[in-house]
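Presented below is the structure to which this report refers.
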Amino acid sequence: MPISTVNPATGQTLRVFDALSARQIEEKLSLAQSAFPAWRQVSFAHRAGLLKATAQLLEAEKLQLGRLLTQEMGKTLVSAIAEVEKCAIGCRYFATHAEAMLAPTAAPSAATSSFIQYVPLGAILGVMPWNFPFWQVFRFAVPALMAGNTVLLKHASNVPQCALAIEDIFRRAGLPEGVMLTLLIEADQVEEIAKDPRIAAISLTGSEPAGRSVATAAASVIKKCVLELGGSDAFIVMPSANIELAAATAVKARVINNGQTCIAAKRFIVDTAIYDRFSALFVDGMRNLQVGDPVLPATQLGPLASAKLRDDLHGQVTAAIEAGAKLLTGGHLIDGPGFYYQPTVLEEVPRNSPSFHEEFFGPVAMLFRARNSAHALEIANDSPFGLSASVWTQDAGERDFFVHHLETGMIFVNAISASTPELPFGGIKRSGYGRELGELGIREFVNIQTVWIG
Ligand code: NAP
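Numbers given in the numbering used here equal positions in the sequence shown, counted from 1, plus 143.
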């Protein structure tokens, strides 16, 4: 994929970048490696000061940065600015809590003294997606940096200006040279870098094929990686829920970030007693969304990030209908420039069709009718993915039933699935392994070192 900025709202190519040469990559790898010994000795307090300075820059420049996000991947400007603000919150959170999270833990044993210490690993490679061009990078990089690692970023090819802006912000905040570096490279240059001995570990957020490829490279040299991959999250609505609130939230949960979110709700599983009412409200909500220029404050749904993503999504919708699904609204490309797609709702997608198990990465929802809570759970768990789930019920017994039996890395009850710095984020099954954020996230990229004093 060429490394370029193509405005998804207009289809215009705005800037094209050359990928780094082998010699330039070599220089960056050496720089990241040589920056590590000094950086790992820096105190938590000093690192925290630099991260707080980063947060200040993000806040001061959120309007310009927000415009860059919107221009490169089409999210609404309102949500782009909120994303930059969230990165500042993430910086401050780990600046405040990293030291306590990584303080040596007492581990009593037969030794005179024994404890566990958390030691940085070295240069961590982050392979990141375009859908949250800032937050995906910050949620991986900030804990890694606070732990004393250096960071190399291979960002998605369609957000090169965001990638460079992130490097620039960290540099202006005062991070020493080589501690956080952006590599403008293509996907086929990743494997060799992933295997390089100067890379200590890898974090990848993206699609299954990318995850498989990077995990295979890492495994071939016995190197740790964290994978945050796709999802087809269930949104379960039971009769005791506030149906109006659940339906309005369901629309938001599906179209947040123009429908391109790993933890967006994608399968809406609704108890038969309230199915018709929920379906009418939900379809109405999807149909009435304000679709258009992502820069305008009133816009609720902007374009997809690329023509390929839009065309692939349309192919999936067409295949689902051919397999027997009913189209309740949408189902078409929107005429004119830009990569817009109608908000779409499908129902009765056959359980035995490939569509049932696919991730729809755009504003397309699948509705399913469940006979009861056990049936709802069975549909929800029938997925190759296991990222998150959202359950809507006021019944404590029903809530506990789903909390105990859902096969996902995260469960949200009467709330939309979301990521927040305090809580671990990640999935099971083909949604990946490992965690980002929270105490468990910051401990992914450290040596958990046992010390025995005899
Ligand atoms: P993608 O094509 O896998 O791209 C993600 C990153 O991987 C990009 O930097 C990409 O570089 C790189 N890449 C692609 N193929 C690669 C390969 N064979 N080897 C090494 N690197 C490779 O994914 P996407 O289309 O951008 O993102 C959508 C997917 O990401 C969805 O499935 C979504 O659910 C998932 N996602 C998951 C999470 C999560 O936290 N679980 C969050 C966001 C997104 P190029 O751009 O140069 O191809």
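Glycine included, C-beta positions come from ideal geometry on N, C-alpha and C. Keep in mind that this is a model prediction, so the values were computed, not measured.
Open item on the list: I want to know whether the segment 165-180 touches the segment 228-240 - three or more CB-CB distances under 8 Å.
Closed with: Using a C-beta cut-off of 8 Å, the segment 165-180 makes no contact with the segment 228-240, since fewer than three inter-stretch Cβ pairs fall below that distance.
- [ ] For Q214, collect the residues of the same chain with a Cβ closer than 6 Å to its Cβ; drop the 5 residues on either side in sequence, then sort them by chain order.
- [x] So the list reads N150, once near-sequence residues are dropped.
- [ ] Name the residue from P486, T239, I554 whose alpha carbon lies nearest to the alpha carbon of N400.
- [x] Ranking P486, T239, I554 by CA distance to the CA of N400 puts P486 first.
Task: Selection from V398, T461, A448 that minimises the alpha carbon distance to N431 - done: For N431, the closest C-alpha among the options V398, T461, A448 is that of V398.
Open item on the list: Which residue marks the beginning of the alpha helix (DSSP H) containing M216, and which one marks its end?
Closed with: That run of the alpha helix (DSSP H) goes 205-216.
Open item on the list: Just to confirm, is the Cβ distance from L212 to F277 under 8 Å?
Closed with: Yes, these two residues count as a Cβ contact at 8 Å.
Task: As assigned by DSSP and simplified to three states, the class of A290 - done: When DSSP states are grouped into helix, strand and coil, A290 belongs to the coil group.
TODO: Could you check what DSSP says for W535 in three-state terms: helix, strand or coil?
DONE: W535 sits in a strand when the DSSP states are folded into three classes.
- [ ] For M323, write down the residues that DSSP places opposite it in a beta bridge.
- [x] Partner(s): V294.
Open item on the list: Would you say the beta carbon of P251 is closer than 7 Å to some non-hydrogen atom of the ligand NAP?
Closed with: No.
TODO: Could you spell out where the beta strand (DSSP E) holding P263 opens and where it closes?
DONE: Annotation: the continuous beta strand (DSSP E) that includes P263 extends over 256-263.
TODO: Work out the CA separation of S498 and D455 for me, nearest whole Å.
DONE: Roughly 13 Å separates the two Cα atoms.
Task: Residues near V129 in its chain [Cβ-Cβ closer than 6 Å; skip 5 each side] - done: This structure does not reach residue 129, given that the chain is present from 144 up to 597, and the question cannot be answered.
- [ ] May I ask whether a heavy atom of the ligand NAP can be found less than 7 Å away from the beta carbon of M553?
- [x] No, the beta carbon of M553 sits no closer than 7 Å to any heavy atom of the ligand NAP.
Open item on the list: Only counting the same chain, and skipping five residues up and downstream in sequence, which positions put a Cβ closer than 6 Å to that of S346?
Closed with: Closer than 6 Å at Cβ, skipping near neighbours: G269, F283, V369.
TODO: Could you spell out the range, first to last residue, of the alpha helix (DSSP H) harbouring I168?
DONE: Where I168 is concerned, the enclosing alpha helix (DSSP H) stretches over 165-184.
TODO: Check whether the Cβ of S147 sits closer than 7 Å to any heavy atom of the ligand NAP, and report yes or no.
DONE: Not so, every heavy atom of the ligand NAP lies at least 7 Å from the Cβ.
Task: With 16 other Cβ atoms within 10 Å as the buried cut-off, status of D331 - done: With fewer than 16 Cβ atoms within 10 Å of its Cβ, D331 is classed as exposed.
Task: Closest by C-alpha distance to A468, when choosing among V507, T536, T359 - done: In terms of Cα proximity to A468, the closest of V507, T536, T359 is V507.
Open item on the list: Can you tell me which residues form a DSSP beta bridge with V589?
Closed with: For V589, which the question treats as bridged, DSSP gives the partners P263.
Task: Heavy atom of the ligand NAP within 7 Å of H298 beta-carbon - done: Indeed, a heavy atom of the ligand NAP lies less than 7 Å from the Cβ.
Task: Cβ separation of V322 and W182, assumed to be a contact under 8 Å, to the nearest whole Å - done: Yes, they are in contact, since the Cβ atoms of V322 and W182 sit about 5 Å apart, within 8 Å.
Open item on the list: Just checking W278 against the ligand NAP - is the residue's beta carbon closer than 7 Å to any of the ligand's heavy atoms?
Closed with: Because no heavy atom of the ligand NAP lies under 7 Å away, the Cβ of W278 does not count as near it: no.
Task: Contact test: V398 Cβ vs the ligand NAP heavy atom, cutoff 7 Å - done: For V398, the Cβ stays outside the 7 Å cut-off from all heavy atoms of the ligand NAP.
Open item on the list: Taking the alpha helix (DSSP H) that R573 belongs to, which residues open and close that run?
Closed with: Unbroken run through R573: none, as it is neither H nor E.
Task: For P272 and N301, the rounded distance between their alpha carbons - done: Taking the straight line from one Cα to the other gives about 9 Å.
Task: Sequence-distant residues of its chain with Cβ nearer than 7 Å to F313 (five each side left out) - done: If we look at F313 and ignore the five residues flanking it on each side, its Cβ neighbours are T197, M323.
Open item on the list: Less than 8 Å between the C-beta atoms of G428 and V460, yes or no?
Closed with: No, the pair does not count as a contact, with Cβ atoms beyond the cut-off.
Task: Cβ-based burial, Q592 [other Cβ within 10 Å; buried from 16] - done: Looking at its Cβ environment, which holds fewer than 16 other Cβ atoms inside 10 Å, Q592 is exposed.
Task: Under 8 Å between C-beta atoms of T551 and S531 - done: Cβ atoms of T551 and S531: closer than 8 Å.
Open item on the list: Restricting to runs no shorter than 4 residues, where is the alpha helix (DSSP H) found entirely within the segment 341-386?
Closed with: Taken in chain order, the complete alpha helix (DSSP H) segments of 4 or more residues contained in the segment 341-386 are 351-363.
Open item on the list: With a threshold of 7 Å (Cβ to nearest heavy atom), would M509 be considered close to the ligand NAP?
Closed with: False, no ligand heavy atom lies under 7 Å from that Cβ.
Open item on the list: Please tell me whether, using a cut-off of 7 Å, the distance from the CB of N301 to the nearest non-hydrogen atom of the ligand NAP is below it.
Closed with: For the ligand NAP, at least one heavy atom lies less than 7 Å from the Cβ of N301.
Task: CA-to-CA distance, V426 to P382, given in whole angstroms - done: Going from the Cα of P382 to the Cα of V426 covers about 18 Å.
Task: Range of the contiguous alpha helix (DSSP H) that encloses T472 - done: Residue range 469-472 is occupied by the beta strand (DSSP E) that includes T472, with no alpha helix (DSSP H) assigned at that position.
TODO: Can you say whether M144 is buried or exposed, counting buried as having 16 or more other CB atoms within 10 angstroms of its CB?
DONE: Label assigned to M144: exposed.
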